[in-house]
Each structure stands twice: as C-alpha cells, then as structure tokens.
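What follows is a single structure, written as structure tokens, with notes after it.
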Amino acid sequence: MKIPTDVKYTKNDEWVRIEGDTATIGISDFAQDALNDIVYLELPDVGAAIEQGKAFGVVESVKAASDLYMPIGGTVTEVNKPLVDEPETINTDPYGKGWMIKIKVKNAAEADSLMDSAAYEAFCADR
Amino acid sequence: MSKKNKKPTATLPADATNGAATTVVESPTEPAVEVPPAASSTDATLPAKAPAPQVLEPLIYDLGSPGRVGVLLPALDVPEADLPKDLLRGDLDLPEVSELQVVRHFVKLSQLNFAIDKGFYPLGSCTMKYNPKLNEDTARLPGFAHLHPLTDDEGAQGALALMHQLQGWLGEISGFRHVSIAPAAGAQGEFAGILMIRKYHLERGDTKRTKILIPNSAHGTNPATVTMAGFTAVELPADVDGNVDLEALRAACDDTVAGMMITVPNTLGLFEAHILEVIQLVHDCGGLMYMDGANMNALMGVVKPGELGFDVMHYNLHKTFSTPHGGGGPGSGPVGVNEKLAPYLPGPIAAIIEEAATPEDAPLYGLVMPEKSIGRLKAFHGNFGMHVRAYTYIRIHGASGIQNITRHAVLNANYIRVNLQGEYTIPHNRYCGHEFVLEGHWEDVPDIHALDISKRLMDYGFHPPTNYFPLIVPEALMIEPTETEDKATLDTFISAMKQIAAEAKSDPDLLRTAPRTAPVTRLDEKRAAKELVLCCRPIPEWAE
Chain U
4 MKIPTDVKYT KNDEWVRIEG DTATIGISDF AQDALNDIVY LELPDVGAAI EQGKAFGVVE
64 SVKAASDLYM PIGGTVTEVN KPLVDEPETI NTDPYGKGWM IKIKVKNAAE ADSLMDSAAY
124 EAFCADR
Chain B
3 MSKKNKKPTA TLPADATNGA ATTVVESPTE PAVEVPPAAS STDATLPAKA PAPQVLEPLI
63 YDLGSPGRVG VLLPALDVPE ADLPKDLLRG DLDLPEVSEL QVVRHFVKLS QLNFAIDKGF
123 YPLGSCTMKY NPKLNEDTAR LPGFAHLHPL TDDEGAQGAL ALMHQLQGWL GEISGFRHVS
183 IAPAAGAQGE FAGILMIRKY HLERGDTKRT KILIPNSAHG TNPATVTMAG FTAVELPADV
243 DGNVDLEALR AACDDTVAGM MITVPNTLGL FEAHILEVIQ LVHDCGGLMY MDGANMNALM
303 GVVKPGELGF DVMHYNLHKT FSTPHGGGGP GSGPVGVNEK LAPYLPGPIA AIIEEAATPE
363 DAPLYGLVMP EKSIGRLKAF HGNFGMHVRA YTYIRIHGAS GIQNITRHAV LNANYIRVNL
423 QGEYTIPHNR YCGHEFVLEG HWEDVPDIHA LDISKRLMDY GFHPPTNYFP LIVPEALMIE
483 PTETEDKATL DTFISAMKQI AAEAKSDPDL LRTAPRTAPV TRLDEKRAAK ELVLCCRPIP
543 EWAE
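Chains as they are written, first to last, in the numbering used here: chain U, 4 to 130; chain B, 3 to 546.
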C-alpha cells in the first residue's frame with residue numbers, strides 16, 4: 004500500500020498536499036482499495052467555501068457510496084473535471100491523476116490536526 | 003444410505019468444480035463436507051457430467067408474432083367508430099403474444115429467480131423468513147381483498163376490527179400503548195418517528211434541538227431519515243465490544259440533542275449491553291429515544307422496547323411478522339409510541355367509536371386522526387394486505403409462539419456463528435442476536451473478497467448473505483438464518499461455508515469466477531454501474 008510522505012492524512016482517508024496557501028486533496032490508496040472499483044464521483048463547484056471536516060463531494064464504488072470530507076477548510080479554486088468522467092483513475096493513481104480538488108487554504112493551522120505518513124500507516128495497520 | 007439417515011451435505015453441481023468429480027469426506031462430529039477434487043480423482047459418486055445450464059428467457063417482445071392476441075372479444079354489438087386520428091400511434095412496440103406464451107414467460111422468469119420458497123436466504127438485516135401460505139389465504143378472503151378503500155366505516159367493520167386488534171397486539175409486543183399502522187414501510191416508519199420527535203420539541207418551544215445521535219453501526223436509512231426531517235445526524239463511534247461508546251455519547255449529549263436513533267440489537271447483531279445507560283444519558287439531556295425495530299426478530303416476546311425506556315419505535319411487518327418482501331412486497335412500517343408522543347402519531351388510526359352495548363354485540367369501529375398528528379403518510383389506510391398477513395401470523399403463533407420465534411432465530415444465528423468461527427474472522431465474537439457479521443477475507447489469501455465468497459455460495463444453491471454492511475466491518479458478510487430453517491439446512495450451509503474457506507486457499511479461482519451454475523455468471527458490476535440500460539427497447543448497440 005502506498006503512503007507517500009509529502010502529504011497529510013485524515014481519519015476518513017483523504018490526503019492533502021499543502022504548497023504555500025494552496026492545497027490539493029484526494030483519497031488515499033487504502034481508501035481506493037477498500038472501496039474497490041470506483042464508478043462515480045461528485046465534486047463541488049469552483050468558488051465553493053467549505054469548512055474543515057465538512058463534505059465536499061461523494062465517491063461511489065461497486066461496494067458503497069461515501070462522502071468526501073475536507074482535510075482543511077478553504078475555497079475551491081480548481082476541480083479535476085476529467086476525473087469525474089473517468090473516476091476509475093482514482094483506483095490506479097490516487098495520489099497523482101486521481102487528485103480531486105485544489106483549494107485556497109483558509110487557516111494553515113488546521114493542518115496540525117492531520118496525520119503524517121507514519122501516523123497514517125499505523126492508523127491503517129490498526130484497522 | 004437411506005434418505006432418513008443421510009447426513010446433510012453441501013451439494014455442488016459437478017461443473018462448478020471444473021467438471022471434475024468431488025470427494026465426500028465424513029467425520030463423526032462434522033457434517034459431511036465435500037473437498038475440492040484432487041487432479042487425479044475419479045470418484046464416481048457424483049455425476050461427472052455437468053447439468054445443462056439454465057437457458058435465459060427471451061424478452062416478451064421477442065416471443066410473439068404480428069397480429070397474435072391473447073383474448074377473444076365478443077362480436078361488436080354497438081356501431082363501430084373510428085378513434086380520433088391524433089390519438090392513433092403506429093410507433094408503439096407492444097408485445098403480441100398468446101395467453102399461454104405470457105403464462106410460460108412469467109413462470110420461467112420466476113423459476114430463474116431465487117426466492118425463500120426455493121432455498122435458504124440468509125440475507126442479514128432483512129429477516130427473509132418463510133411466509134406461511136395461510137397468510138396468503140387470509141389476505142385473499144374476498145371481504146378483505148375486494149374491500150374498496152373508499153368504503154364507509156360502517157361497511158368495513160371487519161377490516162377496522164382487524165386493524166384495531168393488530169395495533170393492540172403490536173403495542174403488547176413492544177410495550178408501547180399507542181400504535182399507528184399507517185406507514186408504508188420501514189423507512190417511512192422512521193420518518194414518522196423522527197417527525198414526531200421534532201413536533202414534540204417544537205410544541206414545547208424547544209427550538210434549539212437540531213441534532214439526532216446515530217451510532218456508526220446504524221442502518222443507512224437512519225441518517226437519511228434524520229436529514230429528511232431537517233435534523234443534523236451526529237455519528238457516534240462503537241467501543242471495542244461493539245457497543246455504543248458511552249464516553250463519546252456523554253460528550254455529545256447537550257441541549258441541542260433532539261434524540262437518538264439506535265437499532266437493537268445493532269447491525270453487528272449484538273445486543274447493546276449498556277442500553278439502559280444509553281437511554282438514561284439521552285433522556286437526561288432532554289432528548290428522546292428512537293428504536294429502529296428492523297431487528298425485532300431478536301426481541302419480540304422477550305424484551306419490550308417500551309419498558310426499556312424508548313419513546314418511539316417502528317416495526318417492519320415485512321421482516322418480523324412474515325409478510326413477503328424482497329420483490330414481493332409491499333412493506334409495512336407501523337410506529338409505536340409512549341404517552342409523550344401519542345398525540346403526534348400519523349393517522350388514520352383504527353379506534354372503537356362506540357363500545358358494545360352487550361357482550362354479545364360488537365363495538366363500532368372507526369378511523370380517527372390523533373389530535374396533533376404529523377398527518378398522513380400514505381393514501382387511505384396503509385398497506386392493508388400486509389396488516390391481514392401480520393395479523394394472521396400473530397394470531398396463529400400466540401404469545402408463547404412469538405417468544406419461540408425469537409428464541410429459535412437467536413439460537414440458529416449463534417449455531418452458525420460458533421460453527422464458522424474457526425474458518426472466518428468474527429469481529430466482536432460474543433453471543434449474537436438473530437444475525438451476526440463475519441469478515442469475508444483471509445490475510446494469507448490475497449485478492450479474495452466478501453463478494454467472491456457470496457458468488458461462490460450461489461454455486462452451492464444458497465442466496466448470498468448481505469455484503470459490505472455494516473460499513474464498520476471490513477469485507478462484511480452479514481448472516482441471518484431466521485427461525486424458519488431446520489438444523490439440517492443450517493448444517494449444509496455451514497459445510498458450504500467451510501468448503502469455500504478451503505477452496506479460497508487451494509483454488510481461489512473457483513471463487514473469483516463464481517457463480518458457474520447460476521443462469522447468469524459473474525456480472526461486470528463496474529460496467530453495470532456506469533453504462534446503464536434502463537429500457538429494453540431499443541437496446542443501444544454497445545449493450546448488445
């Protein structure tokens with residue numbers, strides 16, 4: 004299972020890559036594996052302001068439908084439109100082409116509550 | 003071996019193991035189990051030739067021929083008139099078939115289907131118990147079946163008396179004095195219950211209460227109900243034993259909590275060991291307690307939710323009280339409440355309008371709307387046919403029978419659980435209610451999922467259990483045998499499950515490619531979810 008060290012993780016298995024005041028958000032390799040084949044993805048509109056921990060979209064697989072939660076709060080600046088048409092990319096490249104949204108971070112301190120890769124690895128092993 | 007002495011075995015058509023014969027192994031303590039064939043095995047006890055696969059039935063559109071009709075109409079005895087030209091359509095692609103073709107078509111379709119009348123159906127959380135045929139007889143009595151819903155009360159006294167008695171019995175079973183049988187099914191019962199809680203708080207001017215607490219093992223309908231009723235769902239974690247985490251509950255309880263929805267036993271099949279404390283905590287902060295009665299088959303005749311302290315619950319007549327479902331429906335989701343919520347019940351409710359003058363007379367029944375009712379949820383009187391079936395079921399079993407149903411349902415589930423605990427991981431492995439959850443995967447077998455086990459079970463002639471629910475158990479398989487299966491059936495199922503666990507290790511492709519004996523083999527679920535064909539005519543080219 005891939006757990007890159009350049010991103011941070013939530014207990015709901017989203018990842019966030021923070022670069023300056025921009026953050027890129029997706030779901031982890033663990034999440035895509037647990038979900039199995041992903042068939043549907045719903046993402047917010049550019050400009051939407053969403054708080055940390057609030058739902059920003061929905062991902063649906065052949066097994067289950069799950070809400071996607073903001074690892075940190077902010078305003079959506081970019082949405083991965085091609086991913087909505089080919090959500091199976093999340094299964095093959097969750098940290099790369101499978102990114103979902105980019106946001107302008109509202110409060111960088113919120114990232115302190117997230118897990119680093121070591122903590123996330125331990126969290127996954129425990130499940 | 004005489005049939006009487008034969009031990010139960012999981013019979014696998016020969017083609018399901020690559021056409022090779024299987025070996026039957028018996029031990030003194032175990033039911034006979036068929037093990038996968040060795041490459042050189044030529045054991046001839048089972049036919050080596052695969053049975054012919056079932057042929058799929060064509061669409062009814064492909065059966066007829068132009069001009070064929072199913073009915074002969076009498077000669078016209080009035081002047082013939084042309085239909086208005088603008089109403090005539092030549093583009094309607096209607097089947098032109100005979101009556102016999104229609105009968106055979108639908109009988110064949112029904113035979114391709116799996117049903118409780120054909121085999122064991124351990125679909126967890128659904129209580130797929132056998133529906134006694136007597137229920138169908140009573141529901142078809144002309145006085146019930148042909149009663150027009152607009153008949154006035156005086157002309158429908160028998161039906162109203164039955165509804166009144168059913169309300170009373172459901173109240174007796176749950177410990178709630180007030181019952182409405184109007185809701186159409188479980189989700190509507192939930193909706194009614196939460197709307198009553200909402201109205202209760204609002205009527206008291208308590209407008210701060212906007213949250214409903216829900217354990218993470220809840221049915222998916224619970225948070226949906228809460229959201230539809232205008233509340234916010236707050237999820238509570240489970241503790242290590244699968245109960246509600248009391249510390250988390252304590253922290254969540256404040257004056258913004260309108261109530262809590264909880265399923266007992268929960269969806270892990272486990273009785274909430276701290277249920278009295280949970281109820282107390284929620285009541286102490288001013289919230290009301292809702293019990294999701296989906297799992298009432300583990301309680302009735304033994305535990306009364308009303309006496310535990312719940313304020314409201316819903317029943318699923320189509321689960322606990324044997325009225326058909328799973329394509330057969332419709333459902334019926336009555337709600338029971340205590341005094342606090344009685345004025346808000348959905349209506350109409352059957353009531354005695356005028357007591358009988360003498361013991362020989364019958365009282366006069368009628369329909370009433372409770373004083374501050376949340377209103378109607380359904381046209382007319384709910385799904386009345388289900389009321390007749392549930393009435394029959396309760397009437398036939400009586401109080402001690404109802405208790406026996408629960409005891410046997412719980413015994414059956416625990417019997418399977420204990421017999422499978424060596425082969426499968428069972429989270430929170432303790433006494434369960436009427437169902438339990440196991441994990442459908444093994445650490446040493448990569449890429450075998452719960453779905454593969456389910457598909458393989460079809461080759462053994464069983465309906466798969468519920469897959470991937472509850473969400474808090476990885477690769478969940480939720481098994482609910484119900485009380486209506488005998489020990490031989492349970493043993494055969496256990497033997498098949500053990501056999502599949504062995505196959506997963508010795509020949510995992512048997513699982514990955516299953517089912518092999520079903521009318522349709524492994525479906526492409528990914529494509530089925532993405533490329534929807536919702537119309538049988540015209541079929542898009544890519545779907546051919």
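Glycine included, every Cβ here is placed at the ideal spot set by N, Cα and C.
Owing to the predicted nature of the structure, the values given are computational and were not obtained by experimental measurement.
- Annotation: the continuous beta strand (DSSP E) that includes residue 479/B extends over 478–481.
- Within the stretch 521–533 of chain B, the residues whose Cβ lies closer than 7 Å to any Cβ of chain U are, in chain order, 527, 528, 531, 532.
- Annotation note: the stretch 416–500 of chain B contains the following uninterrupted beta strand (DSSP E) runs of length 3 or greater, listed N- to C-terminal: 438–441, 478–481.
- Assignment of beta-bridge partners to residue 11/U by DSSP yields 19/U.
- Exclusion of the five residues before and after residue 162/B leaves 155, 352, 367, 368, 369 as the residues of its chain whose Cβ lies within less than 8 Å of its Cβ.
- Assignment of residue 107/U by DSSP, reduced to helix, strand and coil, places it in the strand class.
- For residue 44/U, the enclosing beta strand (DSSP E) starts and ends at 41–45.
- Secondary structure at residue 77/B: coil, using DSSP grouped into helix, strand and coil.
- Per DSSP, residue 173/B lies in no beta strand (DSSP E) segment; the continuous alpha helix (DSSP H) that holds it begins and ends at 159–176.
- Counting C-beta atoms within 10 angstroms of its own C-beta, residue 542/B has fewer than 16 neighbours from the protein chains shown and is therefore classed as exposed.
- In the three-state reduction of the DSSP assignment, residue 156/B falls in the helix class, which pools H, G and I.
- Exclusion of the five residues before and after residue 240/B leaves 217, 218, 219, 246, 247, 474 as the residues of its chain whose Cβ lies within less than 7 Å of its Cβ.
- Taking C-alpha positions only, residue 428/B is separated from residue 189/B by approximately 29 Å.
- In this structure, residue 93/U lies away from residue 28/U, with their beta-carbon atoms at least 8 Å apart.
- Per the C-alpha coordinates, the member of 354/B, 67/B, 327/B, 215/B positioned closest to residue 284/B is 215/B.
- For residue 473/B, the chain U residues whose C-beta falls within less than 7 Å of its own C-beta are 67, listed in chain order.
- Residue contact check for residue 346/B against chain U: no CB pair falls below 8 Å.
- When the Cα atoms are used, residue 199/B and residue 337/B turn out to be separated by approximately 12 Å.
- In the DSSP secondary-structure assignment, residue 26/U is bridged to 21/U, 106/U.
- Within the same chain, 321, 327, 328, 468, 482 come within 8 Å of residue 128/B by CB-CB distance, once the 5 residues on both sides are set aside.
- Only residues of its own chain outside the window of five on either side were considered, and among them 348 have a CB closer than 7 Å to the CB of residue 377/B, listed in chain order.
- Every beta strand (DSSP E) of 3 residues or more that sits fully in the stretch 342–401 of chain B is shown, in chain order, as 351–356, 366–370.
- Residues of chain B with a Cβ closer than 9 Å to the Cβ of residue 40/U are, in chain order, 527, 528, 531.
- When secondary structure is reduced to three states using DSSP, residue 130/B falls in the coil class, being assigned neither helix nor strand.
- By the CB criterion at 8 Å, residue 316/B and residue 350/B fall outside the cutoff.
- For residue 470/B, the C-beta contacts it makes with chain U under 8 Å involve 66, 67, in order along the chain.
- Residue 179/B sits away from residue 385/B, with the two beta carbons spaced by 8 Å or more.
- From the listed residues 102/B, 221/B, 436/B, the smallest Cα separation to residue 298/B is found for 436/B.
- 8 Å or more divides the Cβ of residue 91/U from the Cβ of residue 36/U.
- Between the stretch 447–456 of chain B and the stretch 396–414 of chain B, the count of C-beta pairs closer than 8 Å stays below three; the two stretches do not touch.
- In the DSSP secondary-structure assignment, residue 77/U is bridged to 53/U, 108/U.
- Put simply, the stretch 105–115 of chain B does not touch the stretch 298–307 of chain B. Fewer than three CB pairs are less than 8 Å apart.
- With respect to the 8 Å criterion, residue 104/U and residue 78/U are not classified as neighbours on the basis of their beta carbons.
- Runs of the alpha helix (DSSP H) spanning 4 or more residues and lying entirely within the stretch 84–148 of chain B occur at 101–114, 135–141, 144–147, in chain order.
- Scanning 286/B, 79/B, 296/B, 115/B for the CA closest to the CA of residue 520/B turns up 115/B.
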